[in-house]
Every structure is written in structure tokens, then in C-alpha cells.
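The sequence shown begins at 8 in the numbering used here and counts up one residue at a time. The C-beta atom is built at its ideal place from N, Cα and C for all residues, glycine as well. Treat the numbers as computed from the prediction; the structure is a model and nothing was measured.
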Amino acid sequence: LGHVTTTQREYKEVKAVCEEIAETDEVDFARFVFEVVPNVRRLLLSLREESMRLEFRAFDQDRNKYLDESECEAIYERFCTHNLDQESLDVMFTEFTNLFRKFADKEGRLDFAGFQVLIARSQEAYNKLVAKRKLEVQNTWGVSDETAQLHVEELVVMCESFTLARGSGFAL
Numbered sequence: 008l009g010h011v012t013t014t015q016r017e018y019k020e021v022k023a024v025c026e027e028i029a030e031t032d033e034v035d036f037a038r039f040v041f042e043v044v045p046n047v048r049r050l051l052l053s054l055r056e057e058s059m060r061l062e063f064r065a066f067d068q069d070r071n072k073y074l075d076e077s078e079c080e081a082i083y084e085r086f087c088t089h090n091l092d093q094e095s096l097d098v099m100f101t102e103f104t105n106l107f108r109k110f111a112d113k114e115g116r117l118d119f120a121g122f123q124v125l126i127a128r129s130q131e132a133y134n135k136l137v138a139k140r141k142l143e144v145q146n147t148w149g150v151s152d153e154t155a156q157l158h159v160e161e162l163v164v165m166c167e168s169f170t171l172a173r174g175s176g177f178a179l
């Protein structure tokens with residue numbers, strides 16, 4: 008899904024939605040894309056609304072109830088850069104910028120609803136990018152699933168550091 012549940016409650020409620028849909032009929036690709044994913048997105052937005060309002064207020068430095076592009080730079084740094092190598096950072100920055108522009112109003116600002124969608128879609132993109140890079144590292148360097156899972160929080164960055172050190176002639 009590209010979504011990560013962050014609490015036990017989220018996990019249980021997402022699981023219940025998926026089980027409910029699966030019980031009623033077989034889930035084919037179209038149903039998954041057009042029913043399951045949107046339902047999970049709505050559910051997570053609802054469950055996270057209170058904490059998201061607090062986050063929104065923290066990023067709204069000028070207290071005008073909107074976030075401009077400069078205020079959103081802090082969002083990018085906080086939610087979209089952990090465990091990414093430089094190539095992935097470039098991809099994620101482009102994705103984040105495109106999402107910001109897509110959900111911003113004509114003045115280039117986000118209201119709370121736009122902020123919620125920006126965060127949700129950015130986190131989806133981030134999770135997919137990390138999973139993709141993790142798999143690339145595993146395939147390139149022969150890292151087992153078990154080992155990759157043990158180091159999931161640092162695997163991509165460690166690979167970049169190793170590659171840069173190796174390329175610079177640093178003896179390993």
C-alpha cells in the first residue's frame with residue numbers, strides 16, 4: 008500500500024478494513040486500487056487528524072493558518088529524508104515539490120486539508136522509495152532479507168557510505 012501504520016490502533020483498524028473488503032468478494036487489482044487504497048488513506052487521515060493539527064500549527068510559523076513553500080521545507084526535512092542516499096534525496100525532493108504544487112492553492116499555500124494530503128502522499132512516496140532502494144541494495148550486494156531487516160533504518164545510507172569510501176580509494 009505504501010502506508011505504514013504507526014500505532015497498534017491504526018494497525019487494527021487498517022487490518023479490519025482490509026479484512027472486511029476481502030470478506031465480501033475477491034479483491035482484484037482494480038478493486039484494490041480504487042477501493043482498498045482510498046479507504047485506507049481516508050481511515051489513516053481520520054485517525055491522525057488530531058496529531059496532524061498539532062504538526063500543522065508547529066510548521067505554521069507566521070500563524071496565518073496556511074503553509075507556504077518555505078514553511079514546507081521543514082516538513083520535507085522532517086518526514087522525507089531519513090535513511091536516504093543522495094540519489095534518493097533528489098528523487099524525493101522532486102516528488103515532494105510536485106506534491107506541494109499539486110495540493111497548494113493559487114497563492115502557493117497549503118491549508119490544513121492540503122497539508123494532510125501532502126504528508127500522507129509524501130510518506131507513501133518515501134516508503135516506496137526506501138523499499139525500492141533496500142531491494143536494490145540487497146540485490147546488488149547479496150544482503151539477505153533477515154540482515155536487511157535488522158539494518159533497515161540505515162541500510163541505504165550505509166551502502167552509499169561504503170560505495171563512496173570504496174570509490175575514493177579509502178582502504179576498507
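- For Y18, the enclosing alpha helix (DSSP H) has its first and last residue at 15-31.
- Here DSSP, grouped into helix, strand and coil, assigns L74 to strand.
- C79 is not a Cβ neighbour of F119, given a cutoff of 8 Å.
- Going by C-alpha positions, V43 is about 7 Å away from C25.
- Residue pairing by DSSP places L117 opposite L74 in a beta bridge.
- Sorting E161, R116, K22, Q130 by C-alpha distance to the C-alpha of Y83 places Q130 at the top.
- Counting C-beta pairs closer than 8 Å gives three or more between the region 111-127 and the region 65-77, which meets the contact rule.
- Only residues of its own chain outside the window of five on either side were considered, and among them none has a CB closer than 6 Å to the CB of H158.
- Under the three-state reduction of DSSP, C87 is assigned to coil, being neither helix nor strand.
- Distances from the CA of E57 to each of T104, F122, Q68, E102 were compared; the closest alpha carbon is that of F122.
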